[in-house]
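Just so we're aligned: the sequence shown equals residues 37 to 109 in the numbering used here. Read through the structure below, which is laid out as structure tokens, and then see the notes.
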Amino acid sequence: SRLVLLKAFYDILWLSILFIISSSKFFIIYRVAVYVFDGSSCGWFIKREKDLEPYRREAQALYEQMHDNFNKR
Numbered sequence: 037s038r039l040v041l042l043k044a045f046y047d048i049l050w051l052s053i054l055f056i057i058s059s060s061k062f063f064i065i066y067r068v069a070v071y072v073f074d075g076s077s078c079g080w081f082i083k084r085e086k087d088l089e090p091y092r093r094e095a096q097a098l099y100e101q102m103h104d105n106f107n108k109r
């Protein structure tokens, strides 16, 4: 349980970094909210670990896209 919380905290941390440099702020807020609710064992949005994977992939794709845009400048 503590490991899950720790992992959720880590994910929230780098999603927060994305949030700061991202223009699609509500997208990130929604994702973080999902992590927070799941991490506090309410699990309102997400019941199983594998359900997190699409969100991770989306956030990762967003990060890579912004990284590419930054490098093009």
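Note that beta-carbon positions come from the ideal geometry of N, C-alpha and C, so glycine has one too. In this text the structure is predicted, and so the values were computed from the model without any measurement.
Coarse secondary structure for residue i, derived from DSSP in three states
i	result
Ser-37	coil
Buried versus exposed, by CB contacts within 10 Å (16 or more), residue i
i	result
Asp-47	buried
Ala-97	exposed
Leu-42	exposed
Leu-51	buried
Same chain, Cβ closer than 6 Å to residue i, five either side skipped, listed in chain order
i	result
Arg-38	none
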